[in-house]
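Remarks on the structure that follows.
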Amino acid sequence: MSTTRPTTPDAPSVLSTTWLVAEREMTQRLRSKAFLFSSASLIVLVLIGVLLSGFAAGGGFSGDEKTRVAAAGPVAALLDTQTFDVESVASNEDARALVREGSVDAAVIAEQPTQKNPTGVTIIARDKAPDGLSDALTLRPQVELLSGDGVTGPLRFIMALAFGLIFMMSAVTFGSVIAQSVVEEKSTRIVEILMSTISVRVLLAGKVLGNSLLAFAQVAAIAAVAIVGLSATGQDALLAGVGAPIIWFVVFFIFGFVLLAALFAGLASLVSRQEDVGSAITPVTMLVMIPYFGVAFFNDNPVVMSVLSYVPFSAPVGMPVRLFFGDALWWEPLVSLAILLVSVVLVILLAARIYRGSLLHTGGKLKLSEALRG
Amino acid sequence: MLEIRGINKSFATRQVLTNMSFTIAPGRMTGFVGGNGAGKTTTMRILLGVLGSDSGEVLLNRSPLSEQDRRRIGYMPEERGLYPKMKVAEQITYFARLHGLSADAAKRNTATLLEQLGLGERGGDTIESLSLGNQQRAQIAAALVHDPIALVLDEPFSGLDPLAVDVVLAVLKERAQAGVPVLFSSHQLDIVERLCDDIVIISGGQVRAAGPAQSLRDAHRGNRFSLDGSADAGWVREVPGISVLNFDGGHVEFDADTAERAQLVLRGALERGEVHAFTPVRPSLAQIYREVVQ
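Chains as they are written, first to last, in the working numbering: chain L, 20 to 393; chain W, 67 to 360.
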């Protein structure tokens with residue numbers, strides 16, 4: 020019969036087998052409606068965030084309702100017509116009259132400079148000068164900062180939060196996906212066939228690779244949405260300052276993510292039922308929280324930030340944030356990356372060991388020490 | 067030929083396999099029989115490299131089984147499992163590819179095999195939507211799809227209805243006839259007796275009996291005979307050294323203390339009338355099993 024015709028397959032390489040496993044992980048994930056829905060909603064959330072920050076920068080939602088200002092003579096040129104609806108009038112008296120009858124919010128007039136009023140410019144309003152009008156007419160000296168690019172306060176916090184949030188969200192989302200997929204193979208016992216066919220390391224590597232690629236794709240999509248959104252809402256300045264740190268963030272993210280993914284897989288293999296996944300991966304979930312809260316709370320504490328930017332679990336967030344504010348020397352990200360790489364290798368070996376030691380174990384949760392003993 | 071030689075295995079302080087040795091000949095079905103906890107599954111796992119052994123080796127055609135060889139064995143573990151949400155054909159193809167088949171060969175083999183196992187129509191369904199029996203067939207397809215160089219099946223017939231047993235059996239026999247060594251374990255001694263050319267009986271992690279089914283039965287035959295003749299066989303009960311197990315008219319079944327004594331009975335029967343049959347009674351596998359595991 021035809022099926023018994025012996026085929027002699029070539030020895031498939033480790034890489035192609037790893038890719039096969041990764042491919043299956045990705046296909047299964049992309050077919051899951053839950054996954055597609057959560058990815059789509061995350062991207063929509065980011066888009067809304069970007070747009071909101073655009074509106075906030077432009078003076079809120081009421082920004083398109085300009086303040087009406089009457090200006091007599093040459094002072095009209097001092098007012099930015101983007102912000103103010105300027106009505107030129109012939110005389111100072113006409114301007115006063117318009118304010119009095121309420122057809123403008125305020126008027127600006129120029130008189131002879133006096134001791135008390137050196138510019139000679141006066142704002143006339145009924146109860147209160149409109150917001151921003153006084154500022155618009157004030158001469159302010161140019162400010163030049165010598166250290167850093169001078170980003171402080173809220174922006175610093177927002178940047179730290181954004182990097183931290185993206186890293187934490189991806190790590191937790193995809194980490195639990197990996198964990199579930201490991202336990203699915205254990206609980207359905209399919210793992211025994213897999214182990215008799217391919218090596219445990221290849222299985223682990225394929226899982227980590229497949230899910231990591233999806234995570235990277237998701238983060239790339241978020242970044243693209245953020246960049247397009249920022250430029251569309253005219254926040255180019257923010258974009259320009261973020262460029263290089265974003266590249267570092269991506270590099271750190273890749274390795275940091277692989278580190279966590281391997282840990283998620285290793286710990287998940289200790290249990291055999293979906294109900295137990297949550298408790299098994301709690302330790303890594305905690306680790307993922309460290310960079311997020313650390314960076315969010317201590318983003319203006321240089322000592323804590325330096326430490327965070329070297330600890331492998333928080334480096335993917337800590338280092339890009341420090342780079343963003345120009346706090347790190349050029350060699351610092353390289354050293355931190357090296358530390359991260361070494362940790363990735365060690366953790367993968369450790370995870371593979373746990374994985375191998377626990378895959379055939381069914382029933383309750385296996386102790387870590389038992390799994391390591393094999 | 068697959069050969070298991072001198073395998074020892076302990077879990078913590080408990081020795082589960084002791085000097086386990088037997089061979090699985092090409093072109094023959096070898097039945098692997100033993101009680102719960104006798105070490106069947108552990109032996110199979112070691113054979114497949116899923117579990118390591120403390121000592122001993124697995125040989126394929128007299129040389130140690132390499133990782134590449136292992137990958138080409140078809141294995142069906144006792145605890146079944148396939149991805150519940152994956153489609154049948156897709157899943158079988160995936161396994162074929164993991165075993166090293168090209169995408170084309172994997173697809174081709176999957177289609178042929180599913181057809182052969184009566185799952186041709188169900189290729190596009192998810193595993194979880196299949197009945198248990200059909201899931202079992204899919205499981206067997208997963209073990210066979212890569213044209214394995216040897217087959218190791220842990221309880222392949224448990225959970226199958228009689229019709230499915232026949233379908234699966236036909237596929238396995240076909241593989242065996244093509245020269246593939248087939249090892250399968252079973253609790254169902256009658257199935258093993260019916261199907262197997264060779265039998266390995268283990269107990270307490272040790273081989274108690276192994277060899278071709280026929281010679282095993284001969285070896286454990288003892289001195290039990292049955293005789294059919296024209297004369298009433300009641301007289302046999304009076305012969306010293308003979309214990310009659312049952313008799314009915316001209317038919318008698320008895321144990322003799324020596325082979326000579328049995329011949330004496332035959333001669334006596336010939337003196338009293340015609341003898342239609344005089345045969346040694348071969349024990350059933352179940353009898354042999356009980357005898358060797360005690």
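Using N, Cα and C, we set each Cβ at its ideal position, and we do this for glycine too. Note that the structure is a prediction, hence the values are computed from the model and not measured.
Asked, Found
"Quick check: what's the CA-CA separation for Ile73/W versus Val358/W?", "20 Å"
"Where are the beta strand (DSSP E) runs, 3 residues long or more, that stay fully inside the stretch 270-344 of chain W, in chain order?", "272-278, 290-295, 308-314 and 317-322"
"So within the stretch 116-159 of chain L, which uninterrupted alpha helix (DSSP H) runs reach at least 4 residues, ignoring any that extend past its ends?", "152-156"
"Should His342/W be labelled buried (16 or more other beta-carbon atoms within 10 Å of its own) or exposed?", "exposed"
"Can you give me, in chain order, the residues of the stretch 145-171 of chain W that have a beta carbon less than 8 Å from any beta carbon in chain L?", "Glu145, Arg146, Gly147, Leu148, Tyr149, Pro150, Lys151, Met152, Tyr160, Phe161, Arg163, Leu164, His165, Gly166, Leu167, Ser168 and Ala171"
"Near Asn127/W, which residues of its chain fall below 8 Å by C-beta distance, leaving aside the five closest residues on each side in sequence?", "Met67"
"Any C-beta of chain W within less than 8 Å: which residues of the stretch 208-225 of chain L qualify?", "Arg208, Ile209, Val210, Glu211, Ile212, Leu213, Met214, Ser215, Thr216, Ile217 and Ser218"
"Is the stretch 312-323 of chain L touching the stretch 214-226 of chain L, taking contact as three or more C-beta pairs under 8 Å?", "no"
"Does Leu336/W come within less than 8 Å of chain L when only Cβ atoms are used?", "no"
"Quick one: using the 10 Å Cβ neighbour count with 16 as the cut-off for buried, is Ser110/L buried or exposed?", "exposed"
"At least one CB of chain W closer than 8 Å to the CB of Thr36/L: is that the case?", "yes"
"Kindly say whether Pro143/W, judged by its beta-carbon, lies nearer than 8 Å to any beta-carbon of chain L.", "yes"
"8 Å is my cut-off, CB to CB: does Leu351/W come that close to chain L?", "no"
"Going by beta carbon distance, what residues of the same chain come within less than 6 Å of Ala190/L, once the five residues before and after it are set aside?", "Leu279 and Val307"
"For the pair the stretch 260-269 of chain W and the stretch 303-311 of chain W, tell me if three or more CB-CB distances fall below 8 Å.", "no"
"Assuming Leu293/W and Ala244/W form a contact by the criterion Cβ under 8 Å, report the distance between their Cβ atoms to the nearest whole angstrom.", "Actually they do not touch by this definition, with Cβ atoms about 43 Å apart."
"By a C-beta neighbour count over all protein chains shown, 10 Å radius and 16 as the cutoff for buried, is Val246/W buried or exposed?", "buried"
"Can you find at least 3 beta carbon pairs, one from the stretch 129-137 of chain W and one from the stretch 182-192 of chain W, that sit closer than 8 Å?", "no"
"Note down, in chain order, each residue of its chain lying with its Cβ closer than 6 Å to the Cβ of Gly275/L, except the 5 sequence neighbours on either side.", "Pro335"
"Name the residue from Pro150/W, Phe223/W and Ala352/W whose alpha carbon lies nearest to the alpha carbon of Met142/W.", "Phe223/W"
"Over the uninterrupted alpha helix (DSSP H) stretch that includes Gly248/L, give me the two end residues.", "Val219 to Ala251"
"Decide if Arg79/W is buried, meaning its Cβ has at least 16 other Cβ atoms within 10 Å, or exposed.", "Note that residue 79/W is Thr in the sequence shown, not Arg. Label assigned to Thr79/W: exposed."
"Based on DSSP bridge pairs, tell me the residues matched to Val99/W.", "Ile267/W"
"What's the gap between the Cα of Thr192/L and the Cα of Val211/W?", "35 Å"
"Could you check if Ser250/L is buried or exposed, using at least 16 other CB atoms within 10 Å of its CB as the buried criterion?", "exposed"
"Answer with yes or no whether the minimum CB distance from Arg292/L to chain W is below 8 Å.", "no"
"Gly79/L: buried (16+ other C-beta within 10 angstroms of its C-beta) or exposed?", "With a pLDDT of only 43 at Gly79/L, under the threshold of 50, the placement of this residue in the model should not be trusted, and no figure is reported."
"Secondary structure at Val290/L, three-state DSSP: helix, strand or coil?", "coil"
"Let me know if Phe98/W comes out buried or exposed under the rule of 16 or more other beta-carbons within 10 Å of its beta-carbon.", "buried"
"According to a CB-to-CB cut-off of less than 8 Å, which residues of the stretch 42-63 of chain L neighbour chain C?", "No chain C is part of this structure, whose protein chains are labelled L and W."
"Give me, in chain order, the residues of the same chain whose beta-carbon lies closer than 8 Å to that of Ala287/L; leave out the 5 immediate sequence neighbours on both sides.", "Ile197, Ala198, Gln199, Val201, Val202, Val296, Ala299 and Ile300"
"Which partner residues of Glu106/L appear in the DSSP bridge assignment?", "Ala89/L"
"Around the C-beta of Pro130/W, are 16 or more other C-beta atoms found within 10 angstroms, so that it is buried, or is it exposed?", "exposed"
"Can you tell me where the beta strand (DSSP E) with Lys75/W in it begins and where it stops?", "Leu68 to Phe77"
"Keeping to the same chain, check which residues put their C-beta closer than 6 Å to that of Ala104/W; ignore five residues upstream and five downstream.", "Ile268 and Ser269"
"Checking contacts by CB at 8 Å: is Arg71/W closer than that to chain L?", "no"
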